[in-house]
Amino acid sequence: MDETEVFEAERPRLLRIATRLLADRAEAEDVVQQAWLRLHRNQAEIESLPAWLTTVTTRLCLDRLRARIPIPRAELAPAETAPDPAEAVVVADAVGVALQLVLEKLSPQERVAFVLHDSFSVEFSTIAAVLDTTPVAARKLASRARSKIAMSTPGGRPAAWEVVDAFMAAARQGDFQHLVRLLAPDVAITADDAAMRTGTPERINGPDEVAAFFNGGAHAALPVFFGTRPAAAWFHRGQAKVLFDFTVVDGLVVHIRFRAEPEALAQVVRRDGQQRRD
Numbered sequence: 499m500d501e502t503e504v505f506e507a508e509r510p511r512l513l514r515i516a517t518r519l520l521a522d523r524a525e526a527e528d529v530v531q532q533a534w535l536r537l538h539r540n541q542a543e544i545e546s547l548p549a550w551l552t553t554v555t556t557r558l559c560l561d562r563l564r565a566r567i568p569i570p571r572a573e574l575a576p577a578e579t580a581p582d583p584a585e586a587v588v589v590a591d592a593v594g595v596a597l598q599l600v601l602e603k604l605s606p607q608e609r610v611a612f613v614l615h616d617s618f619s620v621e622f623s624t625i626a627a628v629l630d631t632t633p634v635a636a637r638k639l640a641s642r643a644r645s646k647i648a649m650s651t652p653g654g655r656p657a658a659w660e661v662v663d664a665f666m667a668a669a670r671q672g673d674f675q676h677l678v679r680l681l682a683p684d685v686a687i688t689a690d691d692a693a694m695r696t697g698t699p700e701r702i703n704g705p706d707e708v709a710a711f712f713n714g715g716a717h718a719a720l721p722v723f724f725g726t727r728p729a730a731a732w733f734h735r736g737q738a739k740v741l742f743d744f745t746v747v748d749g750l751v752v753h754i755r756f757r758a759e760p761e762a763l764a765q766v767v768r769r770d771g772q773q774r775r776d
């Protein structure tokens, strides 16, 4: 593949990264186009083109974030020799609208440290190099952002619908590590008799086993309400066939009950992604 083919293959991923950081699709598209122009002008040898594109895109986003809130340029200027933050990034469309609104209130440093570490598992040493600071300072920035988000979220935790939607998104994308991070240490899957007759297991215990069961699957599952609680359900020909009934405590999934009994399915109502009921 030549550079143009690689860029076009990487474009959707770059757009997701930029949109996550900037919360603006049009601005994200502009940033990705800038990355393409820089690639077109680049004369140096590139060892890993996908990593190079992601690094450039991330740094362009940092420039945009810095421009939104005037601060001394040296405070955020990324070092030219900084390690590539892209290598640890696994893109996931799992940040809810409510959290995105809170992110807008963070400083550029806090936002970058929190998003890269908590959403994409980037090491603090890498974040520190990008922000031209120390790992200890980068950790403090992420911690400060986390505290602000906790104060802005009822109960200091993500809403249940955010956790459910994040879990299902990670399942569809095959993001095993993200799935594990959303599960409580004693998480379990159980099933009613009707669900077991469809082939679902009777019980699965532990975060690794539960994550492995969902990893890369659930493509036919849609967001629903079960009564008033956010959940997901497997649909076939427009009808809910198996309900995934989530129990979320302190921002983690502690139990998933597969339900296929008619009285349970009768309470299933489709919802649109982050739509919720108070």
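Position one of the sequence shown corresponds to residue 499 (my numbering), numbered consecutively onward.
C-beta atoms are modelled at their ideal positions from N, C-alpha and C, and glycine is treated no differently.
query	result
Endpoints, the alpha helix (DSSP H) within which V610 is located	606–612
When Q531, Q765, I515, A640 are compared against F724, the one with the closest alpha-carbon	Q765
Assigned exposure category for E608 - 16 Cβ within 10 Å defines buried	buried
Those residues which DSSP pairs with H734 across a bridge	Q737
Supposed contact pair A636 and A626 - C-beta distance, whole angstroms, cut 8 Å	4 Å
Bridge partners - F756, DSSP secondary structure assignment	A689, F742
Status (buried if at least 16 other CB within 10 Å, exposed otherwise) for V634	exposed
Unbroken alpha helix (DSSP H) run spanning I451, endpoints	In the structure as shown, the chain starts at 499 and stops at 776, and residue 451 therefore has no counterpart that could be examined.
Cβ-based neighbour list, Q532, same chain, cut-off 6 Å, excluding 5 preceding and 5 following	L558
7 Å CB neighbourhood of T555 in its chain, flanking five on each side removed	L512, I515, A516, V529, V530, A533
Local Cβ density within 10 Å of D691, reported as buried at 16 or more and exposed below that	exposed
Among E621, L520, R755, nearest to A730 - alpha-carbon criterion	R755
Nearest neighbour of D500, chosen from L547, L520, K646 [CA to CA]	L547
Identity of the residue in V628, V610, V752, D630 nearest F665 by Cα	V752
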